[in-house]
Structure formats: C-alpha cells, structure tokens
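Chains A and B supply the protein sequences, listed in that same order. Counting in this note's numbering, the first sequence runs from 4 upward without gaps. Counting in this note's numbering, the second sequence runs from 32 upward without gaps. Using N, Cα and C, we set each Cβ at its ideal position, and we do this for glycine too.
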Amino acid sequence: MAALSGFLGTNSGFGFAEDAKALAHFESKIRPVLVEHCLECHSIESGKAKGGLRLDDREAVLRGGDSGPALAPGKPEESLLLAAIRHSDPDLEMPPRKDRLSESTLKDFEQWITTGAADPRESANGKDGRTGDDFESRKQHWSFLPVVASRIPEPKRRDWAYNEIDRFILAKLEENGLEPSPDADPVVFLRRLSFDLTGLPPSSVIGNQPSVIAQSTTRKTDHRLPITETIDALLASPAYGQRWARHWLDVVRFAESNGKEANLIYPHAWRYRDYVIDTFDRDLPYDRFLTEQLAGDLLPAENDAERARFLIATGFLAMGPKSLAEQNPAQFAADVADEQIDALSRAFLATSLACARCHDHKSDPVTMTDYYALAGIFKSTDTRYGTWVDSENNRGGKLIRLPDLPGQLIPNLSITKKEVADLHAKLAQLEADEKAGREKGEKAKAEGRDLQLDFNEMLREALRILWTRGPVVGKLATVDENGIALPLAMGVLEAPSKVDSPRYERGELAHPAEIVPRAVPALFGLASEGAVPPDTSGRLDLARWIADPDHPLTARVMVNRVWTHLFGAGLVETVDDFGRSGSAPSHPELLDYLATRFVEEGWSVKALIRAIVSSRTYQQASTWREEAFLKDPDNRLLWRHSKRRLDAESIRDAMLAASGELDWSPRAGSLVAELEVQSAAMIPFNPKIPGDLDGSPHRSVYLPVMRDQLPDVLRQFDFAEPSLVTGKRDSTNVPPQALYLMNSDFVLAQATAVAKRVMEAREDARIDEVYRRCLDRAPDEEERKLVDEFLKAPLPEGADAAKESEKRWRDVSQALLASADFRMID
Amino acid sequence: MTRAPFSRRSFLEHSALGAGWLAFSALAAQRTKASVNASGLAPRDPHFPAKAKHVIFLTMRGGPSHLDLLDEKSALIKHSGKTSTTGRDSAGAKLLGPVHPFASYGKSGLRMTSLLPRIGEHADDLCVLNSLHTDVPNHSPAFVQMHTGSFQFVRPSLGAWMVYGLGSENENLPGFVTLNPPAGDGGARNYGSAFLPSVCQGTRLGGGQLPGLYAAFLKQQEAPGPPMKNIVHPDRSTAEQRRQLDLLRGINEHRLAREPHQPEVEGMIESFELAFRMQSEVPGVLDLKEESAETMALYGIGKGEDLFGRQCLLARRLVEAGVRFVEIASPEGWDHHALISQQLPKACAAVDRAVGGLLTDLKRRGLLEDTLVIWGGEFGRTPYAPGLNGRDHNHKGFSIWMAGGGVKGGMNHGATDEIGYEAVLDPMHIRDWHATVLHLLGLDHRRLTYNYGGRDFRLTETGGEVAKAILS
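Dropping the structure here:
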C-alpha cells in the first residue's frame with residue numbers, strides 16, 4: 004500500500020545542528036528506551052510526572068523536574084538523566100528498583116547527549132507556521148534541495164563496471180567492504196529481463212526470434228552478454244507498453260468505478276488506460292506526459308485526434324474515489340479538489356500537499372496557504388466523472404464529448420430511435436409529475452393546510468422522480484438523437500468562472516478565513532511559482548511547475564519509481580514519500596545522476612530503463628552470499644540482485660502464455676464499458692460475467708478494475724489498492740493464494756491447456772516440453788525423475804488409463820505453474 | 032510476516048551430508064510449529080491475562096435509536112412534543128419520546144425497549160454503554176471510524192488488530208471472518224488490514240450485502256456466489272490432490288536444495304500445507320447441517336428471512352472452531368429518518384430472535400465466558416424529530432451493549448444529558464471503546480503498536496481510556 008507516512012510525520016522542530024543521523028540515533032536507540040523504561044512514570048499519557056519530570060517531549064526534558072534540567076546537550080557529565088540511569092548516585096537510580104540498563108544503552112545515551120541530544124518530539128502547545136528557523140530548516144531536507152550533477156566515482160576495481168551506474172554502486176560496495184555478485188546465469192538473466200520489461204516470459208515475447216535468445220545467452224570473450232538487441236526488441240514490443248503502463252496506473256489510482264460508499268462504475272475510464280499504454284509505447288517524454296494529464300485540455304492540439312488524446316489524459320484528475328452520497332455540493336467540491344491535490348502531489352512529487360488542508364504540514368514546508376492556493380485552481384476546474392443521480396448517488400456528473408474520429412472505438416451501448424423517444428417521453432412525464440407535486444404543495448401552503456400528514460407521501464414521490472430521472476438523463480447523455488452511442492471520456496475542463504478559495508480553519512467549510520489567491524506553491528524559487536493568470540484555473544501553470552527541469556522532486560521521484568520496478572526496492576525505499584517522514588536515499592549521488600541524465604535525455608523512460616538494465620549491477624546473480632548478507636541483510640547496497648515474486652498480472656499472463664491461450668491483441672474497450680448497470684454491487688447478478696471477473700484471454704492490464712470488486716487473481720496476489728497512490732505493491736504470501744493456485748477455474752483451465760499441448764509432443768519429449776512451456780528451461784535430472792515418478796504411479800483401481808493420464812499431465816502442469824520456480828524472478 | 036524459524040542451518044547440514052531433499056522432507060515433516068509461524072497466525076500471549084478470547088461483533092448499521100432502545104429518558108418522555116431548544120439542525124423540531132415503551136428485564140431490572148424481548152432475557156449479562164460518542168454524524172465515515180478508529184485515513188480494522196495481537200487459535204482457519212459484509216459504508220475498509228500483515232485482514236464469507244434499495248427490489252440480501260471461493264477441487268479427491276501437492280513440494284524443495292536461504296520459497300511451501308488443511312476444515316465449519324433442529328429453531332432458522340439467523344449460528348461455529356473475530360452486519364438498516372414507529376419494530380424483529388438465540392447458545396455451551404458479544408451501530412439518533420416522524424443522526428451521544436468476555440452484566444455505564452442528546456457522564460469516545468475492547472482481550476491499546484513508514488501506529492491513535500467500571 005501507499006506510504007501514509009506523509010500524513011503522519013511527527014511534529015518535529017528541527018534545529019540546525021540536528022541532522023538526520025542524530026535523529027535516526029534518537030529514533031532507533033533513545034526513544035524506544037524512553038518508552039519502555041521511563042514514560043510510565045514521566046509522561047502526560049501516563050498521567051504521572053514523578054519528581055516533577057516529564058520525558059515525553061523535548062522542552063519538558065530540557066526544563067527538567069524538581070532536581071533541575073534533566074540534561075545539558077553536549078555535556079553528558081552534567082546531565083542528571085545520564086547520572087540517574089548510570090546509577091552513579093545511590094539516591095537517584097533510574098529506573099527505580101530495577102537492574103541498571105545495559106552498557107550499550109548507557110553508551111547510546113552518552114552519545115546522544117554528547118552530539119546535542121537531538122529530539123524531534125515537540126510539546127503539544129508547539130506552534131506551526133511559516134516563520135522561524137524551524138520552517139526554513141524543513142526546506143533543507145535533501146529532496147527539496149536542487150538536484151546536483153554528481154561526480155562519477157572511481158571505484159578501485161577497474162574491470163567490473165559496464166557503465167556509470169555500476170561505478171556508483173561498486174564504489175559504495177567497496178566503501179563497505181563488499182563485493183558485487185557474479186553475473187547471473189544467462190537463461191536466468193533473460194527471464195528476469197523479459198519479465199521486468201514486458202511482464203511476460205522471454206519465449207512468448209521474442210519466441211519467434213530464436214537467434215536473439217541464442218545470441219543473448221552466449222557470453223562474449225569478455226563475458227559480456229550481447230544483449231543490446233534483446234533489450235531493444237523487448238522495449239519495442241507492444242508488451243512493454245502494456246507492462247509499464249500498469250505500473251503507472253498503480254500510481255494514479257486508476258479504477259473503473261468510484262469505490263467508497265457509492266461504488267458506481269466509470270464506463271469510460273478505459274480510455275485513460277489505453278492512453279497510458281500508448282504513451283509508454285511511444286515513449287512520450289515524461290514532462291510532456293504529466294503536463295497532458297494535468298492540463299491536456301489547455302494544450303493546443305494539431306488535429307482532432309490529438310485533441311481527443313489530450314482530453315482523455317485529464318482523466319487522471321477525474322477518476323479518484325468520491326463521496327457521492329455527500330448532500331452538500333460545496334463540501335463535495337472541496338473534497339474532490341482535495342483528492343486531486345493529494346493524488347497529483349503524491350504521484351508526481353511523492354509529497355503530500357493535501358496534509359495542509361486542516362493545518363500547516365507537520366513535517367514538510369507546506370502551509371495551509373499553499374494548499375488553499377492550489378484548492379482554488381481545482382475549484383476553477385470542472386471535473387467530469389459521469390455518474391448519474393440515483394438512490395446511492397446525490398452528485399451527478401457530466402462527461403466530456405470527444406471529437407468524432409474515423410475508426411473510433413465506442414463500446415458503450417447504442418439504443419434504438421424509439422427508445423430515445425420513449426426516454427424523452429418518460430422525462431417529460433417526470434417533469435410534469437414534479438410540477439404537479441410542487442403546485443400541490445404550494446396550493447396547500449397558500450390555503451394554510453398542515454402538510455405534516457402528506458409529508459411522507461410527498462417525500463416518496465419526490466424521491467421517485469429524482470431517482471427515476473437520473474438514469475433517464477444519464478442514458479440520454481451517452482447517445483445522439485438517433486440513439487447512437489457517443490464517444491465520451493472522463494476528464495476535466497476549465498470551469499466557466501475562476502474562483503479563489505478561502506482558507507478554511509481546520510479544513511471546515513463552516514469556518515472560512517481569508518481568501519487565498521490561486522497560485523503555484525512558492526517552495527523552490529522556480530520561475531513558474533506564484534500567482535496564476537486571472538482568466539485561467541492555473542492548472543497549466545501548475546503542470547509547468549512540476550515539469551520544470553529544475554524542480555527538485557519530479558525527476559528524482561520518477562527515476563526512483565523506475566528503479567523500484569527493476570530492483571524490487573527504490574534508491575529511496577518510500578517511493579511515494581520523499582518528505583521528511585520518508586526514508587533517505589541509499590545512493591543519493593546516483594539518484595541525482597540518474598535524475599540529471601533523465602532530464603538531459605529528454606525525459607525518456609525507455610532510455611532510462613535501457614541504461615539501468617545495461618548495467619552490470621542489474622545483471623548480477625541473485626544468489627545468497629553469507630558474508631555479504633551479514634553486512635547488508637536488506638541488500639540496500641545491491642551486492643546481488645534481489646529475488647522477487649511475480650506480481651498478479653505476470654502470474655496470470657505467464658500462465659496464458661504457457662498454455663498458448665494468450666490473446667496478444669488489446670482488449671477493445673473494457674468489460675465495464677459494456678455494462679448496463681450503474682452500481683458495481685450489481686455485477687455479481689449478471690450471469691454473463693464470470694464469478695472471478697476474468698474469463699478473458701487478453702493481458703491482465705485489460706481486466707476490469709472496479710474498486711472493491713477486483714478480479715480474483717488481482718485481489719489474491721497483492722494488486723495495488725486502486726483508491727490509493729501506490730508506487731510499490733505489497734508482496735504477501737497467504738493461504739488464499741495457494742487455494743487459488745490449487746483450485747481456481749482459471750488455473751485449472753490453463754493447466755489443462757498446457758497438458759493438451761504437451762501431450763501433442765512425442766512421449767519421451769513431454770517432460771522437457773512441459774518445463775519449456777511453463778518455466779522456459781529444461782528440467783534437470785532430479786526434476787525429471789520427480790515428474791516421471793508422479794506420472795508412473797500405479798493407477799487407482801478402475802481408473803480409465805487414458806483419462807487418468809490426461810489428468811496427471813494436467814496435475815504436473817498445474818504444479819509447475821504453482822511452483823516457486825514459476826512465481827519467483829531470480 | 033514472521034518467517035519460518037526452522038533451522039536453515041540444520042537443513043544445510045543435512046543437504047551437505049548428501050541426504051538431498053528427501054532428508055529435508057523428513058525434517059520438514061516434524062516441524063509442525065514452523066507452519067504455525069508461516070501462517071502468521073500463531074497464537075500469541077496477550078499483554079496480561081484476560082477472559083475474552085473471541086469477539087462476535089453484531090453491527091447495527093444505520094444508527095439505531097438509543098432513545099427508543101437502550102437509553103430511557105424520563106425528561107424526554109415528559110417533554111415529548113415540545114419544541115427542541117438544543118441540537119444540530121433542530122430548529123423548530125419537536126422532541127419525540129420513545130415510540131414504543133420500555134420494559135424491565137431480568138433480576139437487575141435493566142430497562143430496555145419492549146421490542147427486543149429475546150435479547151432482554153439476557154439482561155443480566157448485558158452491559159449497556161450509554162455514553163458513546165463519535166466524530167461525525169454521517170454514515171460512511173462514522174461506520175469506518177467505528178471499525179478502524181479513523182475515517183480520514185486507511186487504517187487497520189479492529190478485527191485485524193485483534194488477530195495481530197493474539198494470532199489465531201486455529202491456524203487452519205482465518206483469524207478474522209466477516210459474513211456478507213455490506214458493500215457500501217466503506218466496504219472492504221471495515222475488515223481490511225491496511226499496513227498490518229495481510230494475514231490479519233478479515234476473510235469475507237458469502238457475497239457482499241447489497242445496498243438497501245437493490246436488496247428490496249431483488250428481494251434478496253446477499254449477492255450470489257459460493258460462501259468461500261477455491262476451497263474445493265472440482266475433480267480430484269483429497270488423496271489425489273495430496274499426491275499432486277507432494278510433487279509440488281518436491282519441486283519446491285529441490286529449488287531450496289539448489290540454492291539455500293530462500294525464505295520466500297519456504298513460505299510458499301508452508302502456505303500450500305496450510306491451504307490444504309484449510310480445505311479440509313473450512314467446509315465442515317460452514318456446514319450448518321450438523322446442528323440439531325432445536326438449535327436451528329433457537330436461531331429462527333427455517334422461518335422466512337433467516338439469513339441473519341444462519342449468520343449468527345455460523346458465528347458461534349466459527350468461534351467454537353477457534354476464529355478470533357467474527358462480524359455480522361444487521362439485515363435491516365437502522366436509519367430511521369421517517370416513520371420510526373413503524374420501521375423500528377421491523378428492524379428489531381429482524382434481529383431479536385437470532386441474537387437472543389445466539390446468547391442462549393453461547394451460554395449453554397460455556398462459550399459466553401470467553402466470547403465478547405458486541406451489539407451496536409455507528410451512532411445514535413436525535414431526541415427531536417425534524418418533520419418526518421423520525422429521528423436524525425446523532426453522534427454526540429448513543430448506546431451500544433456488550434455481553435460476555437469479562438464485562439459486568441445487568442448494568443448501565445455512562446449517561447447522556449436529560450433528553451439523551453449528548454454524552455455527559457463518563458463519556459466514551461470510539462477510541463475509549465476500542466481501548467476497552469482491547470483491554471477485555473488482554474491487550475494494552477498503548478502497547479499494541481505497529482511500525483509503519485517510520486511511525487508506531489495504534490488503533491486508538493493518541494487517545495483511548497479503558498472503562499474500568501465495566502470489567503467483571
């Protein structure tokens with residue numbers, strides 16, 4: 004799940020002297036001891052302050068208790084706290100009546116005090132605001148400082164590095180007395196490369212080019228793999244766009260339904276999905292890509308096709324989860340804007356600007372003023388998400404009508420001309436009913452009658468009209484006068500009037516304070532910061548700010564996202580949180596080198612991926628090495644390639660590839676686009692839709708993504724929660740996954756198909772064939788023996804030999820598809 | 032998740048001796064304990080000894096009217112019909128006394144609505160909390176807050192925290208089960224694990240419960256679908272599937288023999304073993320046919336709409352089998368804005384027999400002692416009726432009841448003001464209630480923390496006070 008920590012940073016008041024290291028020392032060594040041994044008697048929470056002393060915030064510690072200040076920063080020998088825990092004064096032994104804390108703990112405290120007693124814990128009455136050293140110091144956080152073109156290190160070992168990336172990695176390994184791992188076995192490496200770039204096993208992507216495989220798995224005399232062509236072939240395959248688009252769809256919380264309390268479908272969301280696939284496919288520069296998503300509607304288009312693409316791109320802002328049951332339109336608008344600000348700041352900047360809705364950000368340099376300046380931008384934006392009013396939905400929404408294009412796909416359903424006429428007639432009747440009801444009420448009021456008795460009936464009638472009219476108006480909005488379905492999209496447009504937002508105390512609409520003019524946050528001194536032109540919402544200015552080559556976050560965040568998908572962990576582990584509550588980069592210079600290079604190479608994602616996978620770092624074996632493991636158990640320094648699990652989509656797609664059932668063509672539209680209902684809760688009643696929401700031979704990126712109604716395979720295998728920005732998915736291993744692999748219709752169908760094809764091979768070649776199909780390799784002797792014994796076991800009594808043989812081949816195929824060899828990338 | 036602690040070193044030694052995977056297999060067969068840990072469900076000791084080991088949470092969504100059910104206010108009865116002078120959006124609204132009379136129940140003489148006589152039979156076991164309050168008067172956020180402590184952020188649910196804290200008594204079953212959970216009002220959030228290990232999340236049995244109007248239209252409360260997916264192989268017997276799993280195990284152990292130190296692979300091996308055992312245990316637990324006709328009748332099963340009765344019986348079976356936390360949502364909503372005098376009896380009738388039966392059944396089997404039963408909704412209702420012969424949402428004061436699991440029976444705790452609008456005596460915020468529930472389970476809410484993204488999180492955030500007065 005996405006890091007929530009951006010919301011939750013401790014209320015820190017950092018001084019200049021307190022660097023991250025000192026704080027880390029406090030967090031890892033001091034705080035736990037205070038919590039375990041001291042706070043029970045010395046904190047607000049415990050309700051006790053023995054000896055007048057509290058140890059639960061920095062000021063309280065410095066102020067001290069009845070015996071004076073508890074510590075003197077920098078002077079351990081003058082600090083009572085240290086004396087007490089050392090038991091050096093028999094009258095002051097802490098914790099009381101207990102053994103002395105360990106020597107190493109005492110040393111930790113001594114070091115802590117010597118280095119200035121860094122302590123981020125602020126007292127409850129600490130103040131916030133954009134003044135003072137405290138706020139300024141927040142801007143000194145590494146990720147808010149400009150990207151620095153790094154000097155490329157010169158590691159001692161000269162014959163290892165293939166490219167600059169390797170020199171950064173190797174230098175750091177050497178610094179820590181570690182060696183890189185040997186190169187990966189070529190077959191293992193090719194499988195890794197293929198899954199990483201395309202989400203599919205190599206045989207299925209470049210299977211018809213055996214020369215490429217042969218070539219790329221034979222080392223040259225200098226031991227290098229001649230893989231340039233293979234990398235290019237994989238990057239040029241349509242499978243690449245489908246794979247990497249899905250990574251981006253995780254980040255932008257892509258979904259085809261609203262989720263939350265009114266889970267209504269978004270039948271047109273798939274257009275954005277296809278837009279993202281297309282974008283990665285043709286390697287649209289990332290700065291351009293993000294600009295289109297934030298302000299595509301404001302970009303000049305060369306033709307209708309481009310205009311349509313730009314409009315669809317803004318779907319990013321429209322597909323968030325919304326409180327559709329909300330009755331108050333102002334509250335609804337504020338919440339939609341909030342969700343947009345949250346999603347865009349996390350997705351592009353890995354920072355949560357939305358934290359500042361109710362209070363100045365607790366740890367990052369973002370104020371409420373910054374937030375409400377942004378809120379005005381989105382209040383001046385017309386968000387079109389297209390769900391109609393009904394019993395679940397109080398907030399109907401429009402859609403964007405796309406330009407007509409030749410050959411355009413319109414999967415939503417047309418109706419007959421007669422049906423159009425009937426809908427209009429129904430609408431007219433509803434209008435008439437409503438008018439009659441209103442007149443009746445007014446008449447009764449004029450006559451002074453008590454309406455109390457009629458109230459329930461009138462209410463029922465009003466609701467009937469409201470809830471019947473919604474679907475009628477909603478359907479009519481999706482077809483032309485002849486009933487032909489229109490090309491529609493979710494997205495945003497400029498609102499007719501541009502408005503600034505007040506700042507709301509505690510984020511509550513009931514407490515508006517001063518008006519904050521729309522503006523781009525002035526955080527980094529970039530040209531694009533400050534007030535926006537009065538006649539625009541300001542979205543384009545916001546996009547330009549984020550896409551500014553000098554923005555300290557944009558390129559760093561994106562290269563880190565790409566790195567994460569290739570290594571299993573980011574250089575910054577908290578991929579969605581580069582704020583002060585996030586983690587520090589393991590290789591800050593490398594991160595900046597990659598960010599600089601990314602911008603210089605025209606924000607090309609393909610070029611970035613090519614550089615990384617061409618590195619020797621990426622080509623290392625993943626084998627465990629004890630001496631390295633003991634020094635760096637989490638492999639932060641990359642002494643090997645980390646073993647990873649296949650994600651949900653790769654598991655499913657690789658099974659379809661193994662069975663030969665994979666349909667390479669993109670699925671036209673989406674299952675969701677063709678549904679006639681509005682509520683996702685009704686999907687299980689549609690007999691045409693399989694219970695696992697699958698039943699399609701297309702790649703997994705085309706499966707329907709309805710919030711809280713995910714296809715089984717995605718839900719079971721840690722799919723990204725589609726309501727949250729997710730740069731790195733969970734990787735869990737729970738029994739329902741095993742049950743899915745053992746018993747689900749999908750897996751059994753694929754195993755059956757694999758078996759059928761395997762049995763077409765010569766009898767003595769079948770074990771090789773099943774391994775080749777499922778694992779892209781030949782079995783070793785041990786494996787051959789295991790399978791052979793399984794197949795040759797005596798038949799159960801009365802079993803039909805031919806049928807049982809088919810079943811056994813299916814069981815073998817299924818076992819391989821469920822095996823760790825299949826589910827892991829080495 | 033905790034990794035299997037079986038000694039990789041000893042495995043290395045065995046394979047180094049050339050015994051290969053067969054030796055490993057034999058070794059692995061002995062380590063039953065290891066599989067417990069691989070599941071992440073190993074029973075863990077509470078922070079301190081406690082009576083409650085299970086929870087059955089009967090969520091009455093929609094906001095049941097405490098003023099008509101559990102909180103009798105003489106002043107409200109006296110002033111019924113007068114214009115209200117306090118409260119949100121109350122301008123001009125008239126105070127409304129209880130729409131059906133209260134009655135005295137049990138030796139304790141506990142006062143409760145006359146609409147819940149079967150539950151009333153257990154009055155001497157009921158601990159009525161009259162001073163709950165929460166942060167917002169809207170269904171979804173309040174419902175989510177009741178379940179996770181927060182409506183702004185995605186947080187683990189109460190059941191997930193319990194499984195995280197105590198593990199499970201039966202590793203062949205999920206630790207937390209939710210039966211036909213409502214698809215709305217936060218949906219899966221209400222049984223999610225958020226950042227806690229995913230093994231803590233609630234396992235949904237049965238289809239989602241449909242939003243009210245659809246249910247009424249379709250005359251069906253439950254979406255179609257099997258109670259639990261993928262629990263049966265369509266054409267292989269248990270023995271045949273065991274043979275296939277042995278092959279799979281052989282393949283996976285061969286991988287381990289090729290390359291040691293792969294905890295992920297060890298985890299996969301264990302999870303297939305656990306899944307295999309779940310497969311044999313779950314269908315039995317879900318099968319109500321084993322129950323006697325008398326028990327079925329006790330829960331009102333077989334008469335008309337009996338989904339809720341079946342769920343209550345299933346809850347007892349799950350608790351008996353070792354599941355920690357079972358949640359059931361009420362069949363009827365309690366959102367009585369209009370026609371409360373007609374609607375309330377229906378909502379009560381829909382739950383009274385089954386809940387009364389559940390309490391009887393738990394008690395006679397000795398399960399009530401270590402099972403905490405909770406009955407309540409996300410908020411209460413206003414003492415005034417804004418125009419519709421019904422009551423509006425009220426988050427400032429409302430009531431729920433708990434029984435068994437170490438709470439005192441036959442008592443009221445806390446109180447609202449004289450007309451029942453706001454909690455004034457021993458007010459109990461949702462956080463305080465969460466702290467109390469955890470305490471009953473032997474868990475200190477301040478110590479039950481999980482470090483996520485560098486910060487220690489807990490269910491009660493920065494607050495939470497245990498209501499000591501209700502502990503038996």
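Asked, Found
"Residue-level contact to chain B via CB, A/Val737, 7 Å cutoff", "yes"
"Uninterrupted alpha helix (DSSP H) stretches inside the stretch 431-502 of chain A (no shorter than 4 residues)", "458-479"
"Where A/Pro213 falls, given that 16 or more other Cβ within 10 Å makes a residue buried", "Below a pLDDT of 50, predicted positions are generally treated as unreliable, and A/Pro213, at 49, falls in that range; the measurement from the model is reported next regardless. By the 10 Å Cβ count, A/Pro213 comes out exposed."
"Contact set between B/Leu370 and chain A, taken where Cβ atoms lie within less than 9 Å", "Asn459"
"Nonlocal neighbours in the same chain, by C-beta distance under 7 Å from B/Asn31, ignoring five residues either side", "Since the first residue of chain B shown is 32 and the last is 503, residue 31 of chain B is not available in this structure."
"B/Gly358 - DSSP class collapsed to helix/strand/coil", "First, the residue type needs correcting, since residue 358 of chain B is Glu and not Gly in the sequence shown. It is a strand residue."
"Closer than 7 Å to chain A by CB, B/Val67", "Note that B/Val67 has pLDDT 35, beneath the 50 cutoff, so the model's placement of it is unreliable and no number is given."
"Counterpart residues of B/His444 in DSSP-defined beta bridges", "B/Leu160"
"Among A/Asp373, A/Ala333, A/Val815, A/Pro332, nearest to A/Ser348 - alpha-carbon criterion", "A/Asp373"
"Helix, strand or coil at A/Arg103 [DSSP, three-state]", "coil"
"Status (buried if at least 16 other CB within 10 Å, exposed otherwise) for A/Ala376", "buried"
"Beta-carbon contacts of A/Phe112 that lie in its chain and below 6 Å, excluding the five residues immediately before and after", "Leu85"
"Alpha helix (DSSP H) segments (min. 4 residues) lying fully within the stretch 47-108 of chain A", "61-66, 83-89"
"Residues bridged to A/Met709 [DSSP beta-bridge criterion]", "A/Gln712"
"Pairwise C-alpha distance: B/Ile150 and B/Gly190", "24 Å"
"Segment contact, 8 Å Cβ cut-off, at least three pairs: the stretch 572-586 of chain A with the stretch 410-423 of chain A", "no"
"Distance between beta carbons of A/Val704 and A/Arg249, contact taken as under 8 Å", "5 Å"
"Where A/Arg274 falls, given that 16 or more other Cβ within 10 Å makes a residue buried", "buried"
"Outcome for B/Thr402 when other beta-carbon atoms lying within 10 angstroms are tallied against a minimum of 16", "buried"
"Cβ shell of A/Thr108 (< 7 Å), same chain only, five flanking positions each side left out", "Val36"
"Chain-ordered residues of the stretch 124-146 of chain B with a beta carbon less than 8 Å from chain A", "none"
"The stretch 657-676 of chain A in contact with the stretch 600-608 of chain A per 3-pair CB rule at 8 Å", "no"
"Coil, strand or helix - B/His78 by DSSP", "coil"
"Per-residue burial, A/Gly451 [other beta carbons within 10 Å of its own, 16 or more giving buried]", "exposed"
"Neighbouring residues, chain B, relative to A/Ala821 (Cβ below 7 Å)", "Leu279"
"Cβ-Cβ separation, A/Phe198 to A/Ser653 (assumed contact under 8 Å), whole Å", "6 Å"
"Span of the beta strand (DSSP E) around B/Arg142", "141-144"
"Beta-bridge pairing of B/Phe133 - partner residues as DSSP gives them", "B/Thr144"
"Identity of the residues DSSP links to A/Ser682 by a beta bridge", "A/Leu267"
"4-residue-minimum alpha helix (DSSP H) runs that sit fully inside the stretch 203-231 of chain B, ordered along the chain", "none"
"Element boundaries [beta strand (DSSP E), containing B/Leu403]", "402-407"
"Contact set for A/Asp338: own chain, Cβ-Cβ below 8 Å, skip 5 residues either direction", "Lys325, Ser326, Glu329"
"Three or more C-beta pairs below 8 Å linking the stretch 104-121 of chain B and the stretch 376-390 of chain B", "no"
"Limits of the beta strand (DSSP E) - the one that A/Glu517 falls within", "515-519"
"Within the stretch 308-343 of chain A, ranges of the alpha helix (DSSP H) (whole runs, at least 4 residues)", "318-321"
"Unbroken beta strand (DSSP E) run spanning B/Met433, endpoints", "429-434"
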